[in-house]
Amino acid sequence: MSNFNIALVGSSEQACKECRRRKARCDKGLPTCGLCIRYRRHCLYEKHSRTPLTRKSVILFWSAYYAYIVLILSRYLTEVEERLERAEAVIQQMRTLIPPNLRTWERQEPRSPVETSPNAEPFNFSTPVVVEAEMSGGDADLAEVDEDSGTTITDRPVDREASNEGVENENGNQSQEPVRQRMLESPPLYDFEWCEKETGPIRRLSPKTNAEGNDEESPMSDGMASLTVNERGGGYLGVASGAAMLRLIEPVSRRRTSSRPQPVDSLTHPMPQQPSPNRHITETMIDAYFRLYHVSYPIVHEPIFRAQYSELIPRPNGSCWTILAYVVAAIGVWTSSAASSPALDMDLFYRARSMLNFDYLEVGNLTLVQALTLISNYQQKRDKPNSGYNYLGLAVRMAMGLGLHKEFEGWKISPLNMEIRRRVWWSLCVFDVGATITFSRPDVWPYKGVDVSFPLNVDDKDLTAASQSYPPESNAITPYTAVSTQARFHVAAHLCYEKIISRPFPTAEELLRLDSEHIEPWRVSIPAYFSEQVEVPPRYALSQAVMSWRLRNLRIVMYRPFVIRRALKGRAGSDEASNKAYCRCLSDAKSSIEMIAEYWRGQEHNRLAAWYSLYFLFQAALVPCICLRNNPSAPEAKDWRAQIVSTLHVITALSSFNTSSDRCHQIILDLCGNYLDYRRVEHHQDASGAVSTQHEPPDAITNTLELDIQTEPLLETQPVGESPQTQINSIINMMWPNVHPIEAADVVMGDQAGWMEFLNSEAAGI
1 MSNFNIALVG SSEQACKECR RRKARCDKGL PTCGLCIRYR RHCLYEKHSR TPLTRKSVIL
61 FWSAYYAYIV LILSRYLTEV EERLERAEAV IQQMRTLIPP NLRTWERQEP RSPVETSPNA
121 EPFNFSTPVV VEAEMSGGDA DLAEVDEDSG TTITDRPVDR EASNEGVENE NGNQSQEPVR
181 QRMLESPPLY DFEWCEKETG PIRRLSPKTN AEGNDEESPM SDGMASLTVN ERGGGYLGVA
241 SGAAMLRLIE PVSRRRTSSR PQPVDSLTHP MPQQPSPNRH ITETMIDAYF RLYHVSYPIV
301 HEPIFRAQYS ELIPRPNGSC WTILAYVVAA IGVWTSSAAS SPALDMDLFY RARSMLNFDY
361 LEVGNLTLVQ ALTLISNYQQ KRDKPNSGYN YLGLAVRMAM GLGLHKEFEG WKISPLNMEI
421 RRRVWWSLCV FDVGATITFS RPDVWPYKGV DVSFPLNVDD KDLTAASQSY PPESNAITPY
481 TAVSTQARFH VAAHLCYEKI ISRPFPTAEE LLRLDSEHIE PWRVSIPAYF SEQVEVPPRY
541 ALSQAVMSWR LRNLRIVMYR PFVIRRALKG RAGSDEASNK AYCRCLSDAK SSIEMIAEYW
601 RGQEHNRLAA WYSLYFLFQA ALVPCICLRN NPSAPEAKDW RAQIVSTLHV ITALSSFNTS
661 SDRCHQIILD LCGNYLDYRR VEHHQDASGA VSTQHEPPDA ITNTLELDIQ TEPLLETQPV
721 GESPQTQINS IINMMWPNVH PIEAADVVMG DQAGWMEFLN SEAAGI
């Protein structure tokens with residue numbers, strides 16, 4: 001009984017091992033708990049230590065807290081600058097009221113630009129009053145800023161011929177053209193976020209009070225883009241708008257006395273509050289999003305989003321952020337789950353979609369642009385292409401309303417915020433132009449009037465909220481390499497696409513010239529660390545592969561008409577350019593099939609990779625299919641059959657991740673199954689009913705995908721007996737699978753210069 005009389009010297013923070021093993025309630029007594037004393041057990045307490053995960057959380061907390069403090073201080077400094085501006089404006093006004101004989105300062109030494117009277121040269125509206133002295137030095141000061149930042153803002157998608165016009169000429173006179181340009185289009189004090197939700201009656205009942213009221217109090221914009229001088233809550237208005245002229249003649253005191261725009265949640269009629277997303281979203285979903293999707297399309301900034309999710313810093317824009325969080329989680333679940341798993345991603349997406357309503361069409365902020373962009377891509381991946389196309393249009397329009405396509409000299413914006421704007425804009429470009437080519441629709445992306453730089457190739461640790469300048473670009477692959485490379489590709493190649501959807505069909509010489517002048521220089525300019533010959537870390541393998549597949553897909557689309565014409569006519573033309581276009585299309589198709597097959601054998605399997613693999617693979621496989629069915633006895637027929645068989649193998653492997661695989665598989669067999677060395681392909685599944693899972697190594701997945709090949713003699717040795725018109729009608733919806741047949745016929749066939757005119761034309765004329 002002596003064991004029960006042990007004096008307690010304290011208590012532990014956690015239960016002993018024996019009580020935890022037995023799930024008993026431990027009193028945590030030291031040196032031995034009460035239950036262990038009573039039942040004579042060996043009482044042992046583990047030494048409590050912080051895990052790496054705990055240390056990581058602490059580091060994340062203090063990093064986010066530091067960024068939040070920097071943000072608060074920057075806003076405070078901005079408010080101080082506003083007060084100084086208002087004070088200077090008042091002083092300038094009061095000076096004009098003083099009689100001329102009492103203006104002693106006018107009889108002193110020459111004045112600085114800040115002290116210039118209203119009768120002197122016009123005020124430069126491109127900068128706030130407080131920085132007028134800083135800007136008086138011309139473009140030299142800007143050059144110093146760019147040099148200190150480690151980079152220059154010269155990498156523009158369009159030519160900016162006026163960029164050097166602001167320097168002084170030999171006579172010491174500064175060019176007036178850039179000055180006028182900056183007057184018409186000035187940087188904002190804050191941003192271009194806007195909100196046009198009604199906050200109650202704007203006009204008063206009495207005309208007298210209307211006249212006496214201050215128009216600045218109204219947060220509303222005008223539909224003519226001519227009455228809004230302030231950028232506060234009005235969105236981006238360019239140099240061609242009526243507001244640009246008002247900027248030249250409106251007093252500076254009216255333009256710069258506005259206050260910070262109201263946040264969405266402070267409106268008179270706020271949007272309904274939504275439940276906290278932390279109840280439905282887990283860290284695993286967010287981790288999957290940033291591991292699989294973010295490296296290709298960096299729409300959101302990972303450190304900031306994670307800090308907002310953990311509630312270490314405030315979540316911006318109210319329910320807009322909640323929508324974004326649910327969409328991020330839905331994409332994370334979709335990319336990482338197997339086809340046989342429950343549609344959890346759909347549940348998350350439906351919750352995000354249920355929050356959207358027409359009220360959001362009256363709101364504009366970067367968070368909502370990010371959410372709409374991700375919704376559009378998710379809808380497309382979930383086989384709702386037109387819904388995604390509509391969401392994408394909203395996102396692009398809202399982005400232009402926020403001025404994401406513009407950069408301003410002298411804009412007081414942090415490097416990180418500017419870089420986030422660039423990433424969102426060019427990710428939108430990749431989605432919009434990619435969808436345009438996929439659907440074969442007119443290209444509506446704004447290439448002109450855009451002067452925003454491409455995203456920098458930097459790591460998140462080198463560019464943070466506390467950064468005051470841009471770091472030098474990295475010479476290694478980063479999460480922003482893919483979007484920057486793809487955006488440059490679309491800007492370089494958009495003239496090629498515009499040509500192939502125009503009427504009449506371009507000649508082979510025209511397409512080959514466009515290829516060599518636009519696409520080939522871009523291909524040569526790809527950084528060495530991202531070229532397709534270099535092995536990249538597995539995390540970036542998909543983004544690198546998709547870029548290579550996308551290049552070949554565009555070339556296939558460009559030269560595919562010449563393959564179809566030659567296959568249907570049954571003979572080679574005498575035109576050297578047409579033959580070169582024919583050979584280039586076959587080569588790119590074969591290369592695509594081989595590259596996709598190689599990727600699927602050696603890389604991680606997930607839904608995102610399966611979606612892109614199936615799309616580019618099917619488009620490439622149509623080329624040898626149409627060649628084989630129209631000329632099965634050609635010397636190249638053996639190679640065509642090998643490509644088609646390889647395609648069927650990969651499509652079978654994709655079937656567990658993409659439900660469209662079975663349909664693509666059947667279409668290829670319907671097209672040329674009679675010309676292959678086998679007639680039937682059966683999928684062998686394991687006991688669970690799934691062909692494979694993403695967590696298995698690639699070799700194990702390949703071993704579970706067996707093909708039951710039934711060898712039979714060729715049933716057909718002659719070309720298909722269908723007319724060219726019938727064959728064209730049959731493959732239109734295959735070449736553009738996401739386009740309605742009527743729309744595809746209208747886009748592809750044409751009325752005056754359709755396929756038949758192209759096929760019947762002489763080879764020498766094409």
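Just so it is clear: in the sequence shown, position 278 is 278 by UniProt numbering, and no numbers are missing. All residues carry an ideal CB built from backbone N, CA and C; glycine is no exception. Given the structure is predicted, the values throughout are model-derived calculations rather than measurements.
Distance CB(residue i)-CB(residue j) smaller than 8 angstroms
i, j, result
"L394", "L372", "yes"
"I299", "G332", "no"
"V563", "I626", "yes"
"R291", "R539", "yes"
"V430", "L374", "no"
"M398", "T485", "no"
"N630", "G673", "no"
"D588", "R550", "no"
"S440", "I501", "yes"
Opposing strand residues paired with residue i [DSSP bridges]
i, result
"G318", "According to DSSP, G318 bridges with nothing at all."
Coarse secondary structure for residue i, derived from DSSP in three states
i, result
"G364", "strand"
"L30", "strand"
"G10", "strand"
"N173", "Because the pLDDT of N173 is 47, which lies under 50, any placement of that residue in the model is unreliable, and the number read from its coordinates should be weighed accordingly. The answer is coil: DSSP assigns N173 none of H, G, I, E or B."
"D443", "coil"
"L608", "helix"
"A24", "coil"
"L404", "coil"
"A343", "coil"
"P537", "coil"
"K381", "helix"
"D639", "helix"
"G570", "coil"
"I59", "helix"
"T436", "helix"
"S548", "helix"
"K580", "helix"
"C19", "helix"
"K499", "helix"
"N475", "coil"
"P415", "helix"
"H490", "helix"
"K590", "helix"
"N357", "coil"
"R95", "helix"
"G388", "helix"
"E598", "helix"
"E520", "helix"
"C627", "helix"
"C43", "coil"
Sequence-distant residues of its chain with Cβ nearer than 6 angstroms to residue i (five each side left out)
i, result
"I519", "A493"
"K17", "L44"
"A329", "I281, M285 and L348"
"G345", "Sequence check: residue 345 is Asp here, not Gly. Taken in chain order, the residues that qualify are A330, V333 and W334."
Same chain, Cβ closer than 7 angstroms to residue i, neighbours up to 5 away in sequence not counted
i, result
"L654", "A610, S613, L614 and S661"
"E109", "With a pLDDT of only 49 at E109, under the threshold of 50, the placement of this residue in the model should not be trusted, and no figure is reported."
"I11", "Correcting the residue type first, residue 11 is Ser in the shown sequence and not Ile. Same-chain partners within the cutoff: K28, G29 and L30."
"A15", "C26 and K28"
Other residues of its chain near residue i: CB distance less than 8 angstroms, five sequence neighbours each side excluded
i, result
"L463", "P415, L416, E419, L456, Y470 and P471"
"C19", "R25, C26, C33, L35 and C36"
Supposed close pair residue i, residue j - CB separation, criterion 8 angstroms
i, j, result
"D451", "T478", "Not quite, the Cβ-Cβ distance comes to about 24 angstroms (not below 8 angstroms), so this is no contact."
"A482", "V70", "Going by Cβ atoms, the distance from A482 to V70 rounds to 29 angstroms, so no, they are not a contact pair."
"S592", "A620", "4 angstroms"
"L392", "A435", "6 angstroms"
"A508", "A581", "4 angstroms"
"I437", "Y497", "6 angstroms"
"V424", "L404", "6 angstroms"
"L402", "G364", "6 angstroms"
Any chain C beta carbon closer than 8 angstroms to residue i
i, result
"F657", "As a matter of chain content, chain C is missing from the structure shown, which is built from one protein chain."
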